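Accompanying notes for the structure given below.
Quick look at the structure:
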């Protein structure tokens, strides 16, 4: 397998054997099958952000309902109808639905649905990369969200989005056969000093502030997120060296 094949398989299919028959064949054949997994800051077990935000949103909806009920006596029916239609159109828009669909994986229900439907190969080892933030390298754009997560959970052992005890290679809160398979495959990984956006640089250039380059918030070695995992699996024979003929495309 080339690095591009491995990365594409991991990113597109989440290292599982679900999907179309063609996708499953790609993962299970001997020539190009999935041979190892690498999870970066995995949020598959959810995050405290999810339940906390869900509770806040419900409280906000109740507060808005009380506020707008009082305002009904001051506005015409036509204006109220226009405002409600505007709100409904916004909530039905594709960007909002995509955002809510992505955020659903942070909730316990979304995590349970993911692990319940997942099917993973039992002979594929799993490596994980977990991170804990440091104040002197935290990007300014992540300060608020990291402080909120620390306050909500009571623990600072996180990368701004997921905690180290959740960012593992197997389900923690869902128990089933597939979960036991993944737990046996999970080789674990040391906790690193980094934040959730540490693999990125140009992709988050529009969020950088003047302070970030000074303290090197995004200047960590990018290859440490991928190549140690490849080296380990090559050393133990899970990733084979490509022959000269295959390198030449023959």
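In our numbering, the protein residues as written are 5 to 254. Cβ coordinates follow ideal geometry from the N, Cα and C atoms, glycine included. From a predicted model like this one, the values you see are computed outputs, not experimental measurements.
DSSP state of residue 189, grouped into three classes? For the purposes of this step, residue 189 is taken as the residue at position 185 of the chain shown. Three-state DSSP puts residue 189 in a helix.
Alpha carbon to alpha carbon, how far is residue 168 from residue 195? Here residue 168 corresponds to residue number 164 of the chain shown, with the count starting at 1. Here residue 195 corresponds to residue number 191 of the chain shown, with the count starting at 1. Cα to Cα, the separation comes out at about 7 Å.
Given that a residue counts as buried once 16 or more other Cβ atoms are within 10 Å of its Cβ, and exposed if not, what is residue 132? Within the chain shown, residue 132 is the residue found at index 128, counting from 1. Flag for residue 132 reads buried.
Can you find the residues in the same chain that come closer than 6 Å, C-beta to C-beta, to residue 108, ignoring five residues on each side of it along the sequence? Numbered from 1 along the chain shown, position 104 holds the residue referred to as residue 108. Once the five neighbours on either side are set aside, the close Cβ partners of residue 108 are 114.
If you run the structure through DSSP and keep just helix, strand and coil, what is residue 200? Position 196 of the chain shown, counted from the first residue, corresponds to residue 200. In the structure shown, residue 200 sits in coil (DSSP, three-state: anything other than H, G, I, E or B).
Residue 68: first and last residue of the uninterrupted alpha helix (DSSP H) it sits in: Locating residue 68 in the chain shown gives position 64, counting from the first residue. Element bounds for residue 68: 53 to 75.
Using the rule of at least 16 other Cβ atoms within 10 Å of the residue's Cβ for burial, across every protein chain shown, is residue 218 buried or exposed? Locating residue 218 in the chain shown gives position 214, where the first residue counts as 1. With fewer than 16 Cβ atoms within 10 Å of its Cβ, residue 218 is classed as exposed.
With burial defined as no fewer than 16 other Cβ atoms inside 10 Å of the residue's Cβ, what is the status of residue 240: buried or exposed? Against the chain shown, residue 240 aligns to sequence position 236. If you draw a 10 Å sphere on the C-beta of residue 240, you find fewer than 16 other C-beta atoms in it, and that means exposed.
Give, in chain order, every unbroken run of the beta strand (DSSP E) that is at least 3 residues long and sits entirely within the region 64 to 144. Counting only runs of 3 or more, we get 130 to 136.
Counting beta carbon pairs with one atom in the region 224 to 239 and one in the region 151 to 164, are three or more of them shorter than 8 Å? Too few Cβ pairs lie closer than 8 Å, so no.
Residue(s) in a DSSP beta bridge with residue 167: Within the chain shown, the letter at position 163 stands for residue 167. Answer is 162, bridged to residue 167.
Any idea which residues DSSP pairs residue 195 with across the strands? As a working note, residue 195 is residue 191 in the chain shown. In the DSSP assignment, residue 195 is bridged to 134.
Under 7 Å Cβ to Cβ from residue 94, same chain only, skipping five residues before and after it: list those, please. Against the chain shown, residue 94 aligns to sequence position 90. Within the same chain, 100 come within 7 Å of residue 94 by CB-CB distance, once the 5 residues on both sides are set aside.
Exposed or buried, what is residue 96 when buried is set at 16 or more other beta-carbons lying within 10 Å of its beta-carbon? Against the chain shown, residue 96 aligns to sequence position 92. Exposed, because fewer than 16 other Cβ atoms sit within 10 Å of the Cβ of residue 96.
Got a sec: is the Cβ-Cβ distance from residue 160 to anything in chain D below 8 Å? Going by chain labels, chain D is absent from the structure shown, which holds only one protein chain.
How about residue 39 and residue 234: do their beta carbons lie closer than 8 Å? For the purposes of this step, residue 39 is identified with residue 35 of the chain shown, where counting begins at 1. For the purposes of this step, residue 234 is identified with residue 230 of the chain shown, where counting begins at 1. No, the Cβ-Cβ distance between residue 39 and residue 234 is not below 8 Å.
I need the straight-line Cα distance from residue 50 to residue 232, nearest angstrom please. In the chain shown, counting from the first residue as 1, residue 50 sits at position 46. In the chain shown, counting from the first residue as 1, residue 232 sits at position 228. Their backbone Cα atoms lie some 26 Å apart in a straight line.
In terms of DSSP beta bridges, what is residue 228 paired with? Position 224 of the chain shown, counting from 1, holds the residue named residue 228. Note: residue 228 sits in no beta bridge, so no partner.
Does the Cβ of residue 140 have 16 or more other Cβ atoms within 10 Å, making it buried, or fewer, making it exposed? For this step, residue 140 is matched to residue 136 along the chain shown. Classification for residue 140: exposed.
On the three-state DSSP scale, how would you describe residue 43? Numbered from its first residue, the chain shown carries residue 43 at position 39. For residue 43, the secondary structure class from DSSP, reduced to helix, strand or coil, is strand.
With distances taken Cα to Cα, identify the nearest neighbour of residue 176 among 32, 26, 30, 46. Here residue 176 corresponds to residue number 172 of the chain shown, with the count starting at 1. Minimum Cα distance to residue 176 is reached at 46.
Are the Cβ atoms of residue 54 and residue 111 separated by less than 8 Å? Residue 54 sits at position 50 when you count from the first residue of the chain shown. Residue 111 sits at position 107 when you count from the first residue of the chain shown. Remark: C-beta atoms of residue 54 and residue 111 approach each other more closely than 8 Å.
Compare the Cα-Cα distances from residue 193 to each of 76, 130, 25, 211 and report the closest residue. To locate residue 193, count along the chain shown from 1; it is residue 189. Answer by Cα proximity: 130.
Spatial neighbours of residue 171 within its chain, please: CB distance less than 6 Å, with the 5 preceding and 5 following residues excluded, ordered by chain position. If you number the chain shown from 1, residue 171 lands on position 167. Taking residue 171 as the centre and dropping the five residues before and after it, the same chain places the C-beta of 45, 46, 134 closer than 6 Å to its C-beta, in chain order.
If you follow the alpha helix (DSSP H) that residue 30 is part of, which residue opens it and which one closes it? The residue given as residue 30 occupies position 26 in the chain shown. Element bounds for residue 30: 25 to 32.
Using three-state DSSP, classify residue 150 as helix, strand or coil. The residue given as residue 150 occupies position 146 in the chain shown. Reduced to three states, the DSSP call for residue 150 is helix.
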